[in-house]
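J.: Quick one: the structure is below, and I'll ask about it shortly.
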Amino acid sequence: MQMVFRWYGENNDSVSLNHINQIPGVSGVVWAFHHKQPGEKWGLSEILKEKEHIESKGLNIDVVESVNIHEDIKLGLPTRDQYIDNYKETIRNLAEAGVKVICYNFMPVFDWIRTDLRKEMEDGSTALFYENDKINNITPEELIRKVTENPEFTMPGWEPERLEHIQSLINQYKGVTAEDLRENLRYFLERVIPVCKECDVRMAIHPDDPPWSVFNLPRIVSTQDDLQKLVSLVDSECNGLTLCSGALGAHPDNDIPKMIYDFKDRIHFAHVRNVRRYDNGDFIETSHRAEDGSVDIVKVIQAYHDIGYKGYIRPDHGRHLWGEECRPGYGLYDRALGIMYMHGIWDTMEKGGS
Ligand code: DNO
Ligand code: MN
Numbered sequence: 584m585q586m587v588f589r590w591y592g593e594n595n596d597s598v599s600l601n602h603i604n605q606i607p608g609v610s611g612v613v614w615a616f617h618h619k620q621p622g623e624k625w626g627l628s629e630i631l632k633e634k635e636h637i638e639s640k641g642l643n644i645d646v647v648e649s650v651n652i653h654e655d656i657k658l659g660l661p662t663r664d665q666y667i668d669n670y671k672e673t674i675r676n677l678a679e680a681g682v683k684v685i686c687y688n689f690m691p692v693f694d695w696i697r698t699d700l701r702k703e704m705e706d707g708s709t710a711l712f713y714e715n716d717k718i719n720n721i722t723p724e725e726l727i728r729k730v731t732e733n734p735e736f737t738m739p740g741w742e743p744e745r746l747e748h749i750q751s752l753i754n755q756y757k758g759v760t761a762e763d764l765r766e767n768l769r770y771f772l773e774r775v776i777p778v779c780k781e782c783d784v785r786m787a788i789h790p791d792d793p794p795w796s797v798f799n800l801p802r803i804v805s806t807q808d809d810l811q812k813l814v815s816l817v818d819s820e821c822n823g824l825t826l827c828s829g830a831l832g833a834h835p836d837n838d839i840p841k842m843i844y845d846f847k848d849r850i851h852f853a854h855v856r857n858v859r860r861y862d863n864g865d866f867i868e869t870s871h872r873a874e875d876g877s878v879d880i881v882k883v884i885q886a887y888h889d890i891g892y893k894g895y896i897r898p899d900h901g902r903h904l905w906g907e908e909c910r911p912g913y914g915l916y917d918r919a920l921g922i923m924y925m926h927g928i929w930d931t932m933e934k935g936g937s
């Protein structure tokens, strides 16, 4: 496995490249142009500039997370072709700079959703929390008002400039079924995967988070069955997965080690984090340690070791510890602890432990 660490860029992250370099065994950063809108092209010269900066600190740029998909592609509108053409050009430019894996997601309107970005834990740390009732009992309109009044609530996809469009976007999805969405994904993949093959890049879709439908929007990357359908859409190694143990692990039916064994040839990127599930559907993000959450992270790493995983892996969200001020879920300390936990399990297995 190749350990990497998500980084939001200079001036956009409380964690520096120098910090990342001090975490043992990290070979690269998972980066992106966060200022780009979905559907916009990423130019070669700006990519090369970022590459030079990151590589000057001894880290690689092999993994990008995310190149976001324009809603017109997800909706299957006639305008999608121009955005798909842009996407192809971005893939070519990233490949030319040496990028190997592109993480993306196909969730309508929203990226991941939480109801509390800094839920206080008993030990005084804070963590990302999802309260089922809050989402089930609130309309998108009310939620939008809440986000507008309380900027602390802002999440990916909820940026103020997008808020006014959210309601009309949700309306556009009326009548779009999961099958329609999957066909739109097929249409997209049938066009970009040949480009990936040509330039040796792998696409790695991130699962839905949470792995069920919210606000009646369709979601198609939530279950074992969904993953099976996804890999069958285009039968190529380049059509692969970001297997996120935290996103998928929020649903009790998802058996993460089984998914690792079953989809071993298609996993190009592993996100590792633990979540504690409650019977009412709530969940909170915990430390990586197996006994702290509902996902057995020892079994997860063991599965990666068993399949001889050579791909990229990163700690996903962490808690906020020791008063750290950082982006929600993306502090330094807990993610660094998670890395050492993963290395510990992996190295034990390498040395013949079980
Ligand atoms: C949550 C995170 C996500 C991820 C995007 C990928 O598990 O890993 O925010 O970055 O959904 O597109
Ligand atoms: Mn993830």
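Numbering-wise, the sequence shown is residues 584 to 937 according to our numbering.
Backbone N, C-alpha and C fix where the C-beta goes; we use that ideal spot for every residue, glycine too.
Just the Cα atoms here: how many angstroms apart are GLY894 and TRP590?
T.: 18 Å
J.: Give the DSSP-derived three-state secondary structure of MET704 in the structure shown.
T.: coil
J.: In chain order, what residues of the same chain lie with their CB nearer than 6 Å to the CB of ASN688, ignoring the 5 residues before and after it?
T.: HIS789
J.: Taking just the CA atoms, how far does MET586 sit from ASN595?
T.: 22 Å
J.: What residues does the ligand MN have around it, judged by CB closer than 6 Å to any heavy atom, in chain order?
T.: Contact residues of the ligand MN (beta-carbon closer than 6 Å to any heavy atom; chain order) are HIS789, CYS827, GLY829, ALA830, HIS854, ASP899.
J.: Please specify which runs of the beta strand (DSSP E), each continuous and at least 3 residues long, are wholly inside the segment 639 to 670, giving them in chain order.
T.: 643 to 648
J.: Taking the C-alpha atoms as reference points, what is the distance between PRO661 and ASP809?
T.: 26 Å
J.: For ILE890, which residues of its own chain have a beta-carbon under 6 Å away from its beta-carbon, when the five flanking residues on both sides are left out?
T.: In chain order, LYS847 place their CB closer than 6 Å to the CB of ILE890, counting only its own chain and leaving out the 5 sequence neighbours on each side.
J.: Determine the DSSP secondary structure at GLY894, reduced to helix, strand or coil.
T.: coil
J.: Please classify TYR844 as buried or exposed, where buried requires at least 16 neighbouring CB atoms within 10 angstroms.
T.: exposed
J.: Under 8 Å, with one C-beta from each stretch per pair, do the segment 613 to 631 and the segment 924 to 935 reach the 3-pair mark?
T.: Counting C-beta pairs with one atom in each stretch, the segment 613 to 631 and the segment 924 to 935 have fewer than three that are closer than 8 Å, which means they do not touch.
J.: Where in the segment 742 to 791 do unbroken runs of the beta strand (DSSP E), each at least 3 residues long, occur, reported from the N-terminal end onward?
T.: 785 to 789
J.: From ASN767 to ILE656, what does the alpha carbon distance come to, in whole angstroms?
T.: 7 Å
J.: From this set, LEU700, PHE693, VAL647, which residue's C-alpha is nearest LYS683's C-alpha?
T.: Closest by alpha carbon: VAL647.
J.: Taking C-alpha atoms, which residue in MET786, LYS632, PHE798 lies nearest to LYS757?
T.: PHE798
J.: Can you tell me whether HIS871 is helix, strand or coil according to DSSP?
T.: coil
J.: Grab me the residues of LEU813's own chain with a C-beta within less than 7 Å of its C-beta, minus the 5 sequence neighbours each way, in chain order.
T.: Apart from sequence neighbours up to five positions away, the residues of its chain that approach LEU813 with a beta-carbon distance below 7 Å are ILE788, VAL804, ordered along the chain.
J.: Does the Cβ-Cβ distance between LEU752 and GLU868 come in under 7 Å?
T.: Against a cut-off of 7 Å, the Cβ pair of GLU868 and LEU752 comes out as no contact.
J.: Pick helix, strand or coil for MET690, following the three-state DSSP scheme.
T.: coil
J.: From ARG663, ARG897, CYS909, pick the residue whose C-alpha is nearest to that of MET584; which is it?
T.: ARG897
J.: Tell me which residues share the same chain as ARG774 and place their Cβ nearer than 8 Å to its Cβ, disregarding the 5 neighbours each side in the sequence.
T.: Excluding sequence neighbours, ARG774 sits near ILE667, LYS671.
J.: In the DSSP assignment, find the unbroken alpha helix (DSSP H) run with ILE606 in it and report its ends.
T.: First-last for ILE606: undefined, no H or E at that position.
J.: Who are the near neighbours of ARG785 in its chain, counting only those whose CB is closer than 8 Å to its CB and skipping five residues on each side?
T.: LYS683, VAL684, ILE685, CYS779, GLU820, CYS821, GLY823, HIS851
J.: Please list the terminal residues of the continuous beta strand (DSSP E) segment that includes ASN715.
T.: Per DSSP, ASN715 belongs to no beta strand (DSSP E); it is in the alpha helix (DSSP H), 715 to 719.
J.: Spell out a yes or no on whether the segment 855 to 865 and the segment 828 to 836 are touching, meaning 3 or more CB-CB pairs, one atom from each, closer than 8 Å.
T.: yes
J.: Which residues in the same chain have their Cβ closer than 6 Å to the Cβ of ARG663, if we skip the five residues on either side of it in sequence?
T.: ASP655, ILE656
J.: Give the secondary structure of ASN601 by DSSP, where H, G and I count as helix, E and B as strand, and everything else as coil.
T.: helix
J.: Quick one: what does DSSP say GLY935 is sitting in, helix, strand or coil?
T.: coil
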